[in-house]
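Asks: Numbered as in this note's numbering, the sequence shown ends at 765 without a single skipped number. Virtual Cβ for every residue (Gly too), placed ideally from N, Cα, C. Note that the structure is predicted; figures quoted are calculated from it, not measured. Can you keep this structure in mind? I'll have questions shortly.
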Amino acid sequence: MADPAPHMTPDEFRRQGTELVEWIASYMERLEDLPVLAQVEPGWVRAQLPDHPPAEGEPWPDIVADLDRVIVPGLTHWQSPNFFAYFPGNATGPSILGDLLSAGLGVQGMLWATSPACTELEQLVLDWLLELTGLPQRFSSKGPGGGVIQESASSANLCALRDLAVRRGAEPARLRAYVSTQTHSSVEKAARVAGLAPRQLEAIDVGPDYAMLPDALARAMAADAAAGLAPCFVAATVGTTSSTALDPVPAIAEVARAHGAWVHVDAAFAGSAAVCPELRFVNDGADVADSWCFNPHKWLLTNFDCSALWVADRAPLLAALSVTPEYLRNASTDAGAVVDYRDWQIPLGRRFRALKLWFVIRHYGAAGLAAHIRSGVALGQELAAWVEADERFELAAPAPLSLVCLRHREGDEATQTIIDAVNGSGHAYVTHTRLDDRLVLRVAIGQARTERRHVEALWEQITALA
Ligand code: PLP
300 MADPAPHMTP DEFRRQGTEL VEWIASYMER LEDLPVLAQV EPGWVRAQLP DHPPAEGEPW
360 PDIVADLDRV IVPGLTHWQS PNFFAYFPGN ATGPSILGDL LSAGLGVQGM LWATSPACTE
420 LEQLVLDWLL ELTGLPQRFS SKGPGGGVIQ ESASSANLCA LRDLAVRRGA EPARLRAYVS
480 TQTHSSVEKA ARVAGLAPRQ LEAIDVGPDY AMLPDALARA MAADAAAGLA PCFVAATVGT
540 TSSTALDPVP AIAEVARAHG AWVHVDAAFA GSAAVCPELR FVNDGADVAD SWCFNPHKWL
600 LTNFDCSALW VADRAPLLAA LSVTPEYLRN ASTDAGAVVD YRDWQIPLGR RFRALKLWFV
660 IRHYGAAGLA AHIRSGVALG QELAAWVEAD ERFELAAPAP LSLVCLRHRE GDEATQTIID
720 AVNGSGHAYV THTRLDDRLV LRVAIGQART ERRHVEALWE QITALA
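Shown next as C-alpha cells:
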C-alpha cells in the first residue's frame, strides 16, 4: 500500500531546497534583464495551469519547471533595480534566509510559552532597532512600553487606533479621530474596522508642503470638544505616501495633548532613514508620541512582512487587545512574568519574524544599514536636482528623502504619456499620484540593487519622452 502521507524526507528536502535556493540566486542574477512590470493580460497565469488539483503527488522537477514557465512571466519584479514604483520592498539575502528559517522551524509564537525564543528575540531586535535609529528609550521593552513586529503598517495603525475607546471610556459615538488629507488609506480602513462612522474621522488640511497644519488641527479639536465630542486620536505621518511630506509631530502632539488625545505616528517608509544620524529629523516628536511605527519591510533591507510598532505605555494596548480563554492559560502568563505578543496584535497566531530582522541587522551592522539609506537619499537628491534644472519639468513636492515627485509643465496629459511609455517599455516601473488634483509621476528610489546608472537611465528615458 502506498505511503498515506508521502512526506519529503530530510534528505530530499536538502536536495530540493539546495536547488530552489540556486533557482532564487539565479533569479536575482537575471532580475535586471526582466521587464519590470508584468506584461501578461488578466487571466493569463490561471489559463496556463490546470483547473483541478492533482489526484496524486507530482514530481518535484515538474513543479519547479512551472516557476519559469508561468510564475516568472506573471511577476512584477519588485526586486529589480529599475523598480521605482510605490515604495520599495527590499528582499535581501539575510532576510530571505531568516524567513526560510522561520518556516523551517515552524513555530507559532502567540504566547511566550509557545516559543520563548520567538518572543524574546523580537523584544531584543526591536530594542536594537531603537538604538540603531536613535528613537527614544521610552519605547524600550525594558520600561512600561515596548515594541512588536506587525505584518504591516496597516495592522500597526489599526492596533494603535483600536484601543482609543478603552483609553477614553467615552461613549463610542462621541469619539473623534484626526488624520490629514494626505494620511495613508490604512488609517481610514482602521477606523472602519474599529467601528467608527465616517463622520468620526476628520481629515485636517495640509499646507503647501502637504504636511498637516497644526492650527487647523487645533481648530477642529477645539470645535469638537466645544460640541461635547471626545477628541481622542491623532495619526501623524512622517513621510506621506504621495510625497513623503513630514507632518510636524511636536506641534501636533502639543495640540493633541491639550485634549488628552493619543498621538500615533505612521513613519512606514521614512522611519528607516533614522539609521543615518544626519537624517534623524524624521524622528522629530518621537519623544512625545504615544506610538510610532515604521516598516523595515519597505526600506530597511528586510523582506515583507516586518512592520515595527512601539508604544510608550503598553497598558492601554493590552487592555484593548488581551482576551484570555482557558485554553491559552499557562503558568508564565498567569504569573505575569512574560510578554505574550498575541495581546499586541489582532490575530492570535504569529510567525517568527524577528529572525529575519536579526539576520539583517547582524549581516549589515549599523554601518551597512546606513550606507543603503544614504545611497538612496543621495540618488533621490541628485534626481530632484536634475528635475529642477530641466525647464520642461517641475518638482511637484519637496523631496526630503529619496522619493521624487515630478510632472511635465505642459500638464496631466504629457505626464501620463511619459508614465505609460516608461511602464510599457519594461525598462522601469513608476507609479503616479495626484497632488492638488494634478497628476504626479513618483520615482521612489530605495531598491537594494538600484545604482546611479539605473536612475540615470530612467531620467534619460523620461527626458527623451518629454
Ligand atoms: N502608511 C504609509 C505612510 C504608507 O506609505 C503605507 C504604504 O505604502 C502604509 C501605511 C501601508 O503599509 P503596509 O503595506 O505595511 O500596510
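What residue does the alpha helix (DSSP H) around residue 401 start on, and which one ends it?
Replies: Per DSSP, residue 401 belongs to the alpha helix (DSSP H) from 392–404.
Asks: Taking 8 Å as the CB-CB limit, is residue 545 close to chain D?
Replies: Checking the listed chains, one finds no chain D in this structure; it contains a single protein chain.
Asks: Going along the chain, which residues of its own chain have a beta-carbon closer than 6 Å to the beta-carbon of residue 572, five neighbours each way excluded?
Replies: Result list for residue 572: 578, 581, 672, 700, in chain order.
Asks: Just to confirm, are residue 387 and residue 743 a CB contact at a threshold of 8 Å?
Replies: For residue 387 and residue 743, yes; Cβs fall inside 8 Å.
Asks: Sorted by chain position, which residues of the same chain lie with C-beta nearer than 7 Å to residue 405's C-beta, five sequence neighbours on each side aside?
Replies: Same-chain partners within the cutoff: there are none.
Asks: From the DSSP output, which residues share a beta bridge with residue 731?
Replies: 740, per the DSSP bridge assignment.
Asks: Where does the unbroken beta strand (DSSP E) through residue 622 begin, and where does it stop?
Replies: Note, residue 622: premise wrong, no beta strand (DSSP E); not H, not E.
Asks: Starting from residue 530, follow the beta strand (DSSP E) in both directions and report where the run begins and ends.
Replies: Element bounds for residue 530: 529–536.
Asks: What are the start and end residues of the beta strand (DSSP E) that includes residue 447?
Replies: Residue 447 -> beta strand (DSSP E) spans 445–449.
Asks: Check whether the Cβ atoms of residue 394 and residue 659 sit closer than 8 Å, and answer yes or no.
Replies: Yes, Cβ-Cβ distance for residue 394 and residue 659 is below 8 Å.
Asks: Compute the beta-carbon to beta-carbon distance between residue 738 and residue 691, rounded to the nearest angstrom, for a pair I have assumed lies under 8 Å.
Replies: With 8 Å as the limit, residue 738 and residue 691 do not qualify as a contact, their Cβ atoms being about 15 Å apart.
Asks: Given that a residue counts as buried once 16 or more other Cβ atoms are within 10 Å of its Cβ, and exposed if not, what is residue 727?
Replies: Result: buried.
Asks: Run the proximity test for residue 568: is its beta-carbon closer than 7 Å to any non-hydrogen atom belonging to the ligand PLP?
Replies: Because some heavy atom of the ligand PLP lies under 7 Å away, the Cβ of residue 568 counts as near it: yes.
Asks: Can you tell me which of 721, 740, 732 puts its alpha carbon nearest to the alpha carbon of residue 381?
Replies: Nearest C-alpha to residue 381: 721.
Asks: According to DSSP, what are the bridge partners of residue 500?
Replies: In the DSSP output, where bridge partners are listed per residue, residue 500 has 476.
Asks: Nearer than 7 Å: is that true of the beta carbon of residue 245 relative to any heavy atom of the ligand PLP?
Replies: Coverage of the chain is limited to positions 300 through 765, which leaves residue 245 absent and any answer about it impossible.
Asks: Assign residue 424 to one of three DSSP states: helix, strand, or coil.
Replies: Residue 424 falls in the helix class under three-state DSSP.
Asks: Measuring straight from C-alpha to C-alpha, what distance separates residue 312 and residue 410?
Replies: Rounded to the nearest angstrom, the two C-alpha atoms are 29 Å apart.
Asks: With respect to the beta strand (DSSP E) encompassing residue 763, which residues constitute its N-terminal and C-terminal limits?
Replies: Unbroken run through residue 763 is the alpha helix (DSSP H), 751–764; no beta strand (DSSP E).
Asks: Would you say the beta carbon of residue 538 comes nearer than 7 Å to a heavy atom of the ligand PLP?
Replies: Result yes, Cβ under 7 Å from the ligand PLP.
Asks: Note the first and the last residue of the continuous beta strand (DSSP E) segment covering residue 690.
Replies: Residue 690 -> no beta strand (DSSP E), and no H or E assigned at all.
Asks: Going by DSSP, which residues form a beta bridge with residue 575?
Replies: For residue 575, which the question treats as bridged, DSSP gives no partner whatsoever.
Asks: From residue 489 to residue 457, what does the alpha carbon distance come to, in whole angstroms?
Replies: Using only the alpha carbons, I get a separation of about 5 Å.
Asks: Tell me whether residue 605 sits in a helix, a strand or coil according to DSSP, three-state version.
Replies: In this structure, residue 605 counts as coil in the three-state DSSP scheme.
Asks: So, using beta-carbon positions, are residue 638 and residue 422 closer together than 8 Å?
Replies: Yes; because the gap between Cβ atoms is below 8 Å, this pair is in contact.
Asks: For residue 409, name the three-state secondary structure that DSSP assigns.
Replies: Correct three-state label for residue 409: coil.
Asks: The alpha helix (DSSP H) that contains residue 365, what's its start and end?
Replies: That run of the alpha helix (DSSP H) goes 359–365.
Asks: Just to check my reading of the structure: residue 551 and residue 529 have Cβ atoms closer than 8 Å, yes? What is that Cβ distance to the nearest angstrom?
Replies: Contact flag wrong, Cβ pair sits at about 18 Å.
Asks: Would you say residue 452 touches the ligand PLP, meaning its beta carbon is less than 7 Å from a heavy atom?
Replies: Flag set: Cβ of residue 452 near the ligand PLP.
Asks: Let's see if you can read the secondary structure: which residues bound the alpha helix (DSSP H) around residue 345?
Replies: Note, residue 345: alpha helix (DSSP H), 343–346.
Asks: Which value, in whole angstroms, describes the spacing of the CA atoms of residue 508 and residue 702?
Replies: When rounded, the distance between both Cα atoms is 14 Å.
Asks: With 16 as the cutoff for other CB atoms within 10 Å, does residue 453 come out buried or exposed?
Replies: Result: buried.
Asks: State the beta-bridge partners of residue 703 as determined by DSSP.
Replies: Residue 703 is bridged to 742.
Asks: Any idea what DSSP makes of residue 561, helix, strand or coil?
Replies: It is a strand residue.
Asks: If you drop the 5 nearest sequence neighbours on each side, which residues of the same chain put their C-beta closer than 7 Å to that of residue 750?
Replies: Excluding positions up to five away in sequence, the list reads 380.
Asks: Alpha carbon to alpha carbon, how far is residue 470 from residue 516? Give it in angstroms, no decimals.
Replies: Residue 516 and residue 470: Cα-Cα distance of roughly 22 Å.
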